[in-house]
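In our numbering, the protein residues as written are 208 to 471.
For reference, the structure is listed below as structure tokens.
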Amino acid sequence: MLKLEGIAANYGKVQALRSVSLEVETGQIVTIIGANGAGKTTTFKTISGLVRPVAGRLEFEGHNLANLAPEKIVELGIIHVPEGRRLFPGLSVLDNLLLGATSRHKKNQKWRAEAAEDLEKVYKIFPALKLLAKRLSWTLSGGEQQMCAIGRGLMARPRLLMLDEPSLGLAPVLVQEVFRTIVEINRQGMTVLLNEQNARQALAIASRGYVLETGTMVLSGEARGLLNNEQIKRAYLGSAMKIKDPDLAEVVENSTRKIPTPGE
Ligand SMILES: Nc1ncnc2c1ncn2[C@@H]1O[C@H](COP(=O)(O)OP(=O)(O)OP(=O)(O)O)[C@@H](O)[C@H]1O
Ligand SMILES: [Mg+2]
């Protein structure tokens, strides 16, 4: 469905992507994991036409994306839900959602009826949004804003939904909720490309994973395999670290030792 080969991209003199190759097949959840500044967002921006690649190939269902305007890329069905939600704060939740449908209305007389149908589908996935429909979006919590941003993306009837760090800044219980929702949306047939720093959760729901480091894809494979990969465990999954300094190791050991409760 989507194929990137050797993509390089710059911001002026800053080389953000050196060599990014990846593939997404219809129906999959594919995740890109990587630390701050690795190039995850730039990869998304390159796919959606907001940043132009200086090298490499970029193909979606037989279309070369390299010279297409962002709105044309949206029309092909690639929908980018940006990092930090980027809702229109002074608009209601309903208006933010409807804005997602506007990419289709130019060509389609029936867009209002279709948008009403899609709105019901979005409300089914996120029942809270129906109750919040009239609220201005800036008054929403982080989790509610994320639901609204994903809902707005779904209103465009994506063929490929790209989610840039949807769990960022959310409380653990909401993080779970976001990942559960992504799985549900995928089960309904949506192909998802997911940028995440929360590598464990992302690999747990994805079929394939790619590891991005300073603009280069350094590793890729079946998500389950990556979850068990020692290199990934050390770098991204927060497994117990070996502390070399014996004094420091003792301090850490004591600080994590169970404090006995009275009577024990
Ligand atoms: N608008 C910009 N102008 C100049 N440099 C930028 C710009 N946006 C990103 N960069 C640089 O490009 C590199 C990749 O950034 P990018 O935002 O793609 O990383 P990221 O993996 O999404 O990081 P994060 O996890 O922090 O969102 C970084 O070195 C960053 O400083
Ligand atoms: Mg980013």
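Virtual Cβ for every residue (Gly too), placed ideally from N, Cα, C.
Taking non-hydrogen atoms of ligand 2 into account, the C-beta of D302 is found less than 7 Å away from none of them.
Closest by C-alpha distance to G246, out of E420, I439, S427, is E420. DSSP places T248 within a helical segment (H, G or I) once states are collapsed to three.
The residues L211, I214, T250, M424, in chain order, have a CB closer than 6 Å to that of V227 in the same chain once the five nearest residues on each side in sequence are set aside. Inclusion of T248 in the 7 Å shell around ligand 2 follows from its C-beta lying nearer than that to a non-hydrogen atom of the ligand.
In the three-state DSSP reduction, N271 falls in the strand class (E or B). Segment contact: the region 338 to 356 against the region 290 to 305, three or more CB-CB distances shorter than 8 Å; contact assigned. In chain order, I286, G307, S310 place their CB closer than 6 Å to the CB of A363, counting only its own chain and leaving out the 5 sequence neighbours on each side.
Judged by their CB atoms, V288 and I236 are not nearer to each other than the 8 Å cut-off. Per the coordinates, the alpha-carbon of T248 lies some 8 Å from the alpha-carbon of N402. Apart from the 5 residues on each side of it in sequence, L298 sits with its Cβ closer than 8 Å to the Cβ of L306, L343, S344 in its chain, given in chain order. If you ignore the 5 residues before and after G376, its C-beta comes within less than 7 Å of the C-beta of G349, all in its own chain and listed in chain order. Distances from the CB of V221 to the heavy atoms of ligand 1 include at least one below 7 Å.
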